[in-house]
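Following: one structure in structure tokens, then a few remarks.
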Amino acid sequence: MDFSIESIYRQEFGRILAALIHLFGDFDIAEDAVQEAFTIAAERWPIDGVPREPRAWIIGTARHKAIDRIRRDSILSRKRDEFQRQVILEAMPENSEWDDGAIRDERLRLIFTCCHPALAAEAQIALSLRTLCGLTTEEIARAFFVSSVTMAQRLVRAKQKIRAARIPYEVPREALLSERLETVMAVIYLVFNEGYSASGGDLIVRADLCAEAIRLGRILHELLPEIAEVRGFLALMLLHDARR
Numbered sequence: 001m002d003f004s005i006e007s008i009y010r011q012e013f014g015r016i017l018a019a020l021i022h023l024f025g026d027f028d029i030a031e032d033a034v035q036e037a038f039t040i041a042a043e044r045w046p047i048d049g050v051p052r053e054p055r056a057w058i059i060g061t062a063r064h065k066a067i068d069r070i071r072r073d074s075i076l077s078r079k080r081d082e083f084q085r086q087v088i089l090e091a092m093p094e095n096s097e098w099d100d101g102a103i104r105d106e107r108l109r110l111i112f113t114c115c116h117p118a119l120a121a122e123a124q125i126a127l128s129l130r131t132l133c134g135l136t137t138e139e140i141a142r143a144f145f146v147s148s149v150t151m152a153q154r155l156v157r158a159k160q161k162i163r164a165a166r167i168p169y170e171v172p173r174e175a176l177l178s179e180r181l182e183t184v185m186a187v188i189y190l191v192f193n194e195g196y197s198a199s200g201g202d203l204i205v206r207a208d209l210c211a212e213a214i215r216l217g218r219i220l221h222e223l224l225p226e227i228a229e230v231r232g233f234l235a236l237m238l239l240h241d242a243r244r
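Its first residue numbered 1, the sequence shown is counted upward by one per residue in the working numbering.
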């Protein structure tokens with residue numbers, strides 16, 4: 001990948017994927033479409049130049065790829081296919097009209113979905129790193145010293161669980177927000193702690209995992225800036241990270 005595309009991938013993957021999941025309601029369709037869009041960007045941007053609003057370009061391209069997949073998918077009935085496409089077309093403007101202001105930030109929904117208590121802790125961590133940070137399956141597998149096949153199976157099972165249990169893609173109601181937020185922060189801190197005091201391998205500190213946990217913490221703080229517990233949580237990780 002060209003560096004600029006790599007940078008955009010790292011910075012924007014979670015927000016772009018969250019937007020596509022919100023539109024299509026399916027992790028696999030959304031993720032495949034986003035990956036295809038970045039592949040097209042890697043081919044075209046070095047020739048055509050980086051678009052003025054890269055995020056909007058990627059989302060627009062991914063949206064069309066997802067619609068194409070739905071059209072091709074023989075499992076979906078004609079009626080559902082038409083309904084899905086109509087909802088999508090009404091939900092977002094055409095590419096020519098898109099700008100970043102038209103794209104809602106859906107990452108908060110994604111964080112709470114990935115960290116739903118119905119999922120095992122290891123699945124919550126893996127899914128968060130995959131969807132919010134954009135780490136590849138291979139990168140996550142290396143981080144936790146398992147094979148890529150094992151990690152891929154964990155991710156597939158987590159997505160299947162979300163689908164089968166009908167885990168809602170939403171921010172919890174206010175009455176449940178505090179309890180669920182504790183779960184989210186616990187998952188992020190598990191990632192940080194695994195990096196700070198690595199339980200496997202030759203390294204005592206895994207700087208890459210610490211960095212990804214802090215990144216997740218920054219996203220959470222960006223999305224919930226008014227909650228003191230989130231500010232304190234991020235500050236705690238930054239303090240520990242500065243001491244290593």
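By construction, the Cβ of each residue, glycine as well, lies at the ideal position given by its N, Cα and C atoms.
Is DSSP giving residue i helix, strand or coil here?
{"i": "Thr136", "result": "coil"}
{"i": "Ile167", "result": "coil"}
{"i": "Ser147", "result": "coil"}
{"i": "Leu224", "result": "coil"}
{"i": "His116", "result": "coil"}
{"i": "Glu53", "result": "coil"}
{"i": "Gly232", "result": "helix"}
{"i": "Pro46", "result": "helix"}
{"i": "Gly25", "result": "coil"}
{"i": "Asp73", "result": "coil"}
{"i": "Glu31", "result": "helix"}
{"i": "Arg218", "result": "helix"}
{"i": "Arg244", "result": "coil"}
What does the Cβ neighbour count give for residue i, buried or exposed, with the cut at 16 atoms within 10 Å?
{"i": "Gly232", "result": "exposed"}
{"i": "Gly195", "result": "buried"}
{"i": "Ala207", "result": "exposed"}
{"i": "Ala213", "result": "buried"}
{"i": "Pro225", "result": "exposed"}
{"i": "Arg166", "result": "exposed"}
{"i": "Asp26", "result": "buried"}
{"i": "Phe13", "result": "buried"}
{"i": "Ala120", "result": "exposed"}
{"i": "Glu222", "result": "exposed"}
{"i": "Leu176", "result": "exposed"}
{"i": "Ala118", "result": "exposed"}
Please report the distance separating the alpha-carbon of residue i from that of residue j.
{"i": "Val136", "j": "Arg130", "result": "The amino acid occupying residue 136 in the given sequence is Thr; Val does not appear at that position. Thr136 and Arg130: Cα-Cα distance of roughly 6 Å."}
{"i": "Arg72", "j": "Cys133", "result": "29 Å"}
{"i": "Asn95", "j": "Ala19", "result": "Only weak support exists for where Asn95 lies, its pLDDT of 48 falling under 50; the value from the coordinates is given anyway. Answer to the nearest angstrom: the Cα atoms are 15 Å apart."}
{"i": "Leu238", "j": "Leu216", "result": "12 Å"}
{"i": "Arg52", "j": "Pro46", "result": "14 Å"}
{"i": "Arg173", "j": "Glu182", "result": "14 Å"}
{"i": "Thr39", "j": "Leu127", "result": "22 Å"}
{"i": "Ile70", "j": "Arg243", "result": "50 Å"}
{"i": "Arg163", "j": "Asp48", "result": "39 Å"}
{"i": "Glu252", "j": "Val149", "result": "The structure shown does not extend to residue 252, since the chain is modelled only from 1 to 244, so the question has no answer here."}
{"i": "Gln160", "j": "Leu236", "result": "34 Å"}
{"i": "Glu97", "j": "Trp57", "result": "Here Glu97 scores only 45 on pLDDT, less than 50, and its place in the model is too uncertain to base an answer on."}
{"i": "Ile140", "j": "Glu43", "result": "26 Å"}
{"i": "Phe192", "j": "Leu220", "result": "14 Å"}
{"i": "Asp28", "j": "Ile227", "result": "32 Å"}
{"i": "Leu234", "j": "Arg180", "result": "17 Å"}
{"i": "Val34", "j": "Ala41", "result": "10 Å"}
{"i": "Ser178", "j": "Val230", "result": "11 Å"}
{"i": "Val156", "j": "Ala143", "result": "18 Å"}
Below 8 Å CB to CB, which residues in the same chain sit around residue i once its five sequence neighbours on both sides are set aside?
{"i": "Glu36", "result": "Thr61, Ala62, Lys65"}
{"i": "Arg107", "result": "Gly14, Arg15, Ala18, Leu132, Ile219, Leu223"}
{"i": "Ser147", "result": "Ala141"}
In its own chain, which residues sit with a C-beta less than 6 Å from the C-beta of residue i, not counting the 5 before and 5 after it?
{"i": "Asp241", "result": "Cys210"}
{"i": "Val50", "result": "Ser4"}
{"i": "Pro54", "result": "Ile8"}
Output needed for residue i: all residues of its chain with C-beta closer than 7 Å, excluding positions within five of it in sequence on either side, in chain order.
{"i": "Gln124", "result": "Cys114, Cys115, Val187"}
{"i": "Arg109", "result": "Ala18, His22, Tyr169, Glu170, Val171"}
{"i": "Glu251", "result": "The first residue shown for the chain is 1 and the last is 244, placing residue 251 beyond what the model contains."}
{"i": "Arg10", "result": "Gly134"}
The ligand SAM and residue i: does any heavy atom of the ligand fall closer than 7 Å to the residue's C-beta?
{"i": "Ala152", "result": "As for the ligand SAM, it is missing from this structure, which has no ligand bound."}
>> Using 8 Å as the cut-off, can you tell me whether the segment 113–122 makes contact with the segment 181–198, which would need three or more C-beta pairs spanning the two stretches below that distance?
In response: yes
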